[in-house]
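In the working numbering, the protein residues as written are 1 to 247. For every residue, glycine included, the Cβ atom is placed at its ideal position computed from N, Cα and C. Read through the structure below, which is laid out as C-alpha coordinates, and then see the notes.
Here it is in C-alpha coordinates:
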(Lines of atoms letter the chains of each structure in order from A and count residues from 1; the text may use other names and numbers.)
(Lines give C-alpha, C1' and ligand atoms only; values in the text may rest on other atoms or scores of the structure.)
Protein backbone atom coordinates (compact mmCIF):
# COMPACT_ATOMS: atom_id res chain seq x y z
CA UNK A 1 0.00 0.00 0.00
CA UNK A 2 2.83 2.44 0.79
CA UNK A 3 4.41 1.78 -2.61
CA UNK A 4 1.02 2.15 -4.29
CA UNK A 5 0.43 5.51 -2.58
CA UNK A 6 3.84 6.75 -3.71
CA UNK A 7 3.11 5.71 -7.31
CA UNK A 8 -0.28 7.44 -7.31
CA UNK A 9 1.12 10.67 -5.82
CA UNK A 10 3.98 10.67 -8.31
CA UNK A 11 1.54 10.28 -11.22
CA UNK A 12 -0.54 13.20 -9.90
CA UNK A 13 2.60 15.33 -9.54
CA UNK A 14 3.66 14.46 -13.09
CA UNK A 15 0.21 15.21 -14.48
CA UNK A 16 -0.40 11.64 -15.62
CA UNK A 17 -3.31 11.28 -13.21
CA UNK A 18 -5.98 13.79 -12.18
CA UNK A 19 -6.91 14.26 -8.51
CA UNK A 20 -10.31 12.73 -9.25
CA UNK A 21 -8.68 9.65 -10.79
CA UNK A 22 -6.37 9.38 -7.80
CA UNK A 23 -9.32 9.44 -5.41
CA UNK A 24 -10.96 6.67 -7.41
CA UNK A 25 -7.84 4.52 -7.14
CA UNK A 26 -7.69 5.15 -3.39
CA UNK A 27 -11.19 3.83 -2.80
CA UNK A 28 -11.09 1.76 0.38
CA UNK A 29 -8.28 3.77 1.93
CA UNK A 30 -7.49 3.95 4.83
CA UNK A 31 -9.64 0.87 5.45
CA UNK A 32 -12.13 -1.27 3.60
CA UNK A 33 -15.41 -1.97 5.36
CA UNK A 34 -16.54 -5.55 4.70
CA UNK A 35 -19.33 -5.32 7.32
CA UNK A 36 -17.92 -8.21 9.36
CA UNK A 37 -14.39 -6.78 9.23
CA UNK A 38 -12.66 -3.47 8.56
CA UNK A 39 -9.42 -4.24 6.73
CA UNK A 40 -6.83 -1.65 7.74
CA UNK A 41 -4.83 -0.73 4.64
CA UNK A 42 -3.35 2.33 6.37
CA UNK A 43 -1.40 0.07 8.75
CA UNK A 44 1.31 -0.54 6.17
CA UNK A 45 1.86 3.21 5.86
CA UNK A 46 1.77 3.85 9.61
CA UNK A 47 3.70 0.80 10.87
CA UNK A 48 5.58 -0.46 7.82
CA UNK A 49 3.79 -3.82 7.74
CA UNK A 50 0.42 -4.77 6.22
CA UNK A 51 -2.41 -5.94 8.43
CA UNK A 52 -1.84 -9.49 9.63
CA UNK A 53 -4.96 -11.60 10.05
CA UNK A 54 -5.74 -13.83 13.05
CA UNK A 55 -7.64 -16.71 11.49
CA UNK A 56 -8.90 -18.57 14.55
CA UNK A 57 -12.60 -17.94 15.13
CA UNK A 58 -13.19 -16.65 11.59
CA UNK A 59 -15.14 -18.69 9.06
CA UNK A 60 -13.36 -19.85 5.88
CA UNK A 61 -15.50 -17.41 3.89
CA UNK A 62 -14.42 -14.51 6.12
CA UNK A 63 -10.77 -15.51 5.90
CA UNK A 64 -10.95 -15.71 2.11
CA UNK A 65 -12.71 -12.35 1.74
CA UNK A 66 -10.28 -10.50 4.02
CA UNK A 67 -7.30 -12.15 2.35
CA UNK A 68 -8.50 -11.24 -1.14
CA UNK A 69 -8.96 -7.60 -0.13
CA UNK A 70 -5.40 -7.45 1.21
CA UNK A 71 -3.99 -9.04 -1.94
CA UNK A 72 -6.05 -6.82 -4.24
CA UNK A 73 -4.43 -3.77 -2.66
CA UNK A 74 -0.98 -5.18 -3.50
CA UNK A 75 0.08 -6.08 0.04
CA UNK A 76 1.69 -9.28 1.26
CA UNK A 77 -0.59 -11.74 3.03
CA UNK A 78 -0.10 -13.46 6.37
CA UNK A 79 -2.97 -15.24 8.10
CA UNK A 80 -2.17 -17.02 11.37
CA UNK A 81 -3.94 -19.82 13.25
CA UNK A 82 -5.68 -21.37 10.25
CA UNK A 83 -6.69 -24.98 10.82
CA UNK A 84 -6.16 -27.47 7.97
CA UNK A 85 -9.92 -27.89 7.48
CA UNK A 86 -10.31 -24.13 6.93
CA UNK A 87 -7.38 -24.07 4.46
CA UNK A 88 -9.05 -26.80 2.39
CA UNK A 89 -12.08 -24.55 2.00
CA UNK A 90 -10.21 -21.32 1.13
CA UNK A 91 -7.22 -22.43 -0.97
CA UNK A 92 -9.13 -22.37 -4.28
CA UNK A 93 -10.06 -18.73 -3.60
CA UNK A 94 -6.45 -17.70 -2.89
CA UNK A 95 -4.34 -18.76 -5.89
CA UNK A 96 -0.62 -18.54 -5.22
CA UNK A 97 -1.04 -18.67 -1.44
CA UNK A 98 1.02 -21.14 0.60
CA UNK A 99 -0.11 -23.07 3.66
CA UNK A 100 2.35 -24.10 6.37
CA UNK A 101 0.63 -26.90 8.26
CA UNK A 102 3.01 -26.84 11.24
CA UNK A 103 2.69 -23.07 11.68
CA UNK A 104 -0.97 -23.01 10.62
CA UNK A 105 -0.28 -19.97 8.44
CA UNK A 106 -1.38 -18.82 5.01
CA UNK A 107 1.12 -16.62 3.19
CA UNK A 108 1.59 -14.98 -0.15
CA UNK A 109 4.43 -12.61 -0.99
CA UNK A 110 3.74 -9.97 -3.66
CA UNK A 111 6.72 -7.71 -2.91
CA UNK A 112 9.79 -8.10 -0.73
CA UNK A 113 9.58 -6.52 2.71
CA UNK A 114 12.47 -4.26 3.78
CA UNK A 115 15.34 -6.47 4.90
CA UNK A 116 16.35 -6.71 8.54
CA UNK A 117 19.90 -5.98 9.63
CA UNK A 118 20.80 -9.43 10.92
CA UNK A 119 19.50 -12.93 11.57
CA UNK A 120 16.65 -13.94 13.84
CA UNK A 121 17.25 -17.39 15.32
CA UNK A 122 14.20 -19.34 16.49
CA UNK A 123 14.92 -22.25 18.82
CA UNK A 124 12.79 -24.71 20.74
CA UNK A 125 13.28 -26.74 23.85
CA UNK A 126 11.47 -29.74 22.36
CA UNK A 127 9.90 -31.07 19.19
CA UNK A 128 6.42 -30.48 20.65
CA UNK A 129 7.16 -26.72 20.71
CA UNK A 130 7.74 -26.59 16.93
CA UNK A 131 4.22 -25.39 15.91
CA UNK A 132 4.63 -22.20 17.97
CA UNK A 133 8.20 -21.78 16.74
CA UNK A 134 7.11 -22.21 13.12
CA UNK A 135 4.50 -19.47 13.55
CA UNK A 136 7.32 -17.24 14.77
CA UNK A 137 9.70 -18.22 11.97
CA UNK A 138 7.12 -17.74 9.20
CA UNK A 139 6.11 -14.37 10.62
CA UNK A 140 9.73 -13.22 10.87
CA UNK A 141 10.38 -14.23 7.26
CA UNK A 142 7.27 -12.46 6.00
CA UNK A 143 8.46 -9.29 7.73
CA UNK A 144 11.74 -9.33 5.80
CA UNK A 145 14.10 -11.11 8.19
CA UNK A 146 16.70 -13.75 7.54
CA UNK A 147 15.63 -16.55 9.84
CA UNK A 148 17.29 -19.71 11.18
CA UNK A 149 15.64 -22.57 13.02
CA UNK A 150 17.27 -24.63 15.77
CA UNK A 151 14.87 -27.20 17.19
CA UNK A 152 14.92 -29.65 20.11
CA UNK A 153 17.81 -28.16 22.11
CA UNK A 154 16.24 -27.95 25.57
CA UNK A 155 17.81 -28.40 28.98
CA UNK A 156 17.05 -32.14 29.07
CA UNK A 157 20.23 -32.46 27.00
CA UNK A 158 22.17 -29.24 27.41
CA UNK A 159 25.02 -30.45 25.16
CA UNK A 160 22.61 -30.14 22.19
CA UNK A 161 22.26 -26.41 22.83
CA UNK A 162 25.96 -25.85 23.44
CA UNK A 163 26.68 -27.53 20.13
CA UNK A 164 24.81 -24.67 18.43
CA UNK A 165 26.72 -21.92 20.23
CA UNK A 166 28.28 -20.34 17.15
CA UNK A 167 24.89 -20.01 15.47
CA UNK A 168 23.44 -18.46 18.61
CA UNK A 169 26.33 -16.03 18.89
CA UNK A 170 25.84 -14.77 15.31
CA UNK A 171 22.15 -13.95 15.81
CA UNK A 172 20.93 -10.38 16.21
CA UNK A 173 17.79 -11.49 18.06
CA UNK A 174 16.83 -14.88 19.52
CA UNK A 175 13.36 -16.32 20.04
CA UNK A 176 13.39 -19.14 22.60
CA UNK A 177 10.26 -21.29 22.63
CA UNK A 178 9.70 -23.71 25.52
CA UNK A 179 7.02 -25.45 27.53
CA UNK A 180 7.36 -27.65 30.62
CA UNK A 181 9.38 -25.62 33.19
CA UNK A 182 10.36 -22.96 30.61
CA UNK A 183 14.09 -22.96 31.40
CA UNK A 184 15.50 -22.54 27.90
CA UNK A 185 15.38 -18.69 27.61
CA UNK A 186 17.33 -18.24 30.86
CA UNK A 187 20.07 -20.60 29.71
CA UNK A 188 20.29 -18.96 26.28
CA UNK A 189 20.36 -15.44 27.71
CA UNK A 190 23.29 -16.47 29.89
CA UNK A 191 25.26 -17.40 26.76
CA UNK A 192 24.63 -14.50 24.37
CA UNK A 193 24.77 -10.71 24.35
CA UNK A 194 21.68 -10.05 22.20
CA UNK A 195 17.99 -9.78 23.15
CA UNK A 196 16.16 -13.02 23.87
CA UNK A 197 12.40 -13.10 23.40
CA UNK A 198 10.89 -15.93 25.42
CA UNK A 199 7.75 -17.74 24.31
CA UNK A 200 6.09 -20.09 26.82
CA UNK A 201 4.08 -22.88 25.23
CA UNK A 202 1.15 -24.89 26.54
CA UNK A 203 3.21 -28.08 26.20
CA UNK A 204 3.62 -30.05 29.44
CA UNK A 205 2.04 -32.25 32.07
CA UNK A 206 -0.70 -31.25 34.49
CA UNK A 207 1.26 -28.95 36.79
CA UNK A 208 2.47 -26.93 33.83
CA UNK A 209 -1.08 -25.48 33.84
CA UNK A 210 -1.19 -25.21 30.04
CA UNK A 211 1.87 -22.96 29.88
CA UNK A 212 1.34 -20.88 33.00
CA UNK A 213 4.29 -22.50 34.80
CA UNK A 214 6.60 -21.74 31.87
CA UNK A 215 5.28 -18.19 31.63
CA UNK A 216 5.98 -17.48 35.30
CA UNK A 217 9.43 -19.05 35.08
CA UNK A 218 10.33 -16.89 32.08
CA UNK A 219 9.04 -13.75 33.79
CA UNK A 220 11.42 -14.58 36.64
CA UNK A 221 14.43 -15.20 34.40
CA UNK A 222 17.68 -14.33 36.14
CA UNK A 223 19.83 -13.14 33.19
CA UNK A 224 19.18 -9.67 31.81
CA UNK A 225 17.93 -9.25 28.26
CA UNK A 226 14.93 -11.58 28.40
CA UNK A 227 11.50 -10.31 27.34
CA UNK A 228 8.43 -12.53 27.51
CA UNK A 229 5.32 -12.74 25.34
CA UNK A 230 2.06 -14.54 25.99
CA UNK A 231 1.59 -18.32 26.00
CA UNK A 232 1.89 -19.83 22.49
CA UNK A 233 2.31 -16.35 20.96
CA UNK A 234 4.89 -17.07 18.27
CA UNK A 235 3.50 -14.25 16.15
CA UNK A 236 3.99 -11.64 18.88
CA UNK A 237 7.56 -12.76 19.52
CA UNK A 238 8.44 -12.56 15.83
CA UNK A 239 6.87 -9.14 15.38
CA UNK A 240 8.91 -7.74 18.28
CA UNK A 241 12.06 -9.47 17.05
CA UNK A 242 11.54 -7.99 13.60
CA UNK A 243 11.18 -4.48 15.01
CA UNK A 244 14.47 -4.92 16.87
CA UNK A 245 16.15 -6.34 13.79
CA UNK A 246 15.06 -3.38 11.64
CA UNK A 247 16.38 -0.69 14.02
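At the level of alpha carbons, what is the spacing between residue i and residue j?
i	j	result
residue 155	residue 184	6 Å
residue 40	residue 75	11 Å
residue 153	residue 200	15 Å
residue 265	residue 223	This structure leaves residue 265 out entirely; the chain is present only between 1 and 247.
residue 180	residue 100	25 Å
residue 319	residue 3	Residue 319 lies beyond the stretch modelled for the chain, which goes from 1 to 247, so this question has no answer here.
residue 18	residue 29	17 Å
residue 49	residue 163	35 Å
residue 148	residue 124	12 Å
residue 85	residue 43	29 Å
residue 70	residue 37	12 Å
residue 158	residue 102	25 Å
residue 24	residue 73	13 Å
residue 32	residue 246	28 Å
residue 141	residue 22	33 Å
residue 55	residue 137	17 Å
residue 52	residue 214	27 Å
residue 127	residue 106	22 Å
Are residue i and residue j closer than 8 Å when you measure CB to CB?
i	j	result
residue 120	residue 241	yes
residue 231	residue 211	yes
residue 61	residue 94	no
residue 234	residue 83	no
residue 173	residue 244	yes
residue 217	residue 182	yes
residue 195	residue 236	no
Measure how close the beta-carbons of residue i and residue j come, nearest whole angstrom, since I'm counting them as under 8 Å.
i	j	result
residue 78	residue 113	Going by Cβ atoms, the distance from residue 78 to residue 113 rounds to 10 Å, so no, they are not a contact pair.
residue 139	residue 239	6 Å
residue 122	residue 187	Not a contact, Cβ separation roughly 16 Å.
residue 221	residue 171	The pair is not a contact, with the Cβ atoms about 18 Å apart (cut-off 8 Å).
residue 150	residue 169	That belief does not hold up - the Cβ atoms of residue 150 and residue 169 are roughly 12 Å apart, past 8 Å.
residue 63	residue 90	5 Å
Within 10 angstroms of the Cβ of residue i, are there 16 or more other Cβ atoms? Answer buried if so, exposed if not.
i	result
residue 145	buried
residue 204	buried
residue 111	exposed
residue 7	exposed
residue 59	exposed
residue 193	exposed
residue 13	exposed
residue 16	exposed
residue 35	exposed
residue 10	exposed
residue 98	exposed
residue 104	buried
residue 57	exposed
Complete runs of the beta strand (DSSP E) confined to the segment 123 to 208 [at least 3 residues]: Scanning the segment 123 to 208 for uninterrupted beta strand (DSSP E) segments of 3 residues or longer gives 146 to 150, 173 to 178, 196 to 200, listed from N- to C-terminal end.
Start-end ranges of the beta strand (DSSP E) lying completely within the segment 30 to 58, minimum 3 residues: Taken in chain order, the whole beta strand (DSSP E) runs of length 3 or more contained in the segment 30 to 58 are 31 to 33, 38 to 40.
Alpha helix (DSSP H) runs contained entirely in the segment 49 to 116, provided each spans 4 or more residues: Listed in chain order, they are 60 to 72, 84 to 90.
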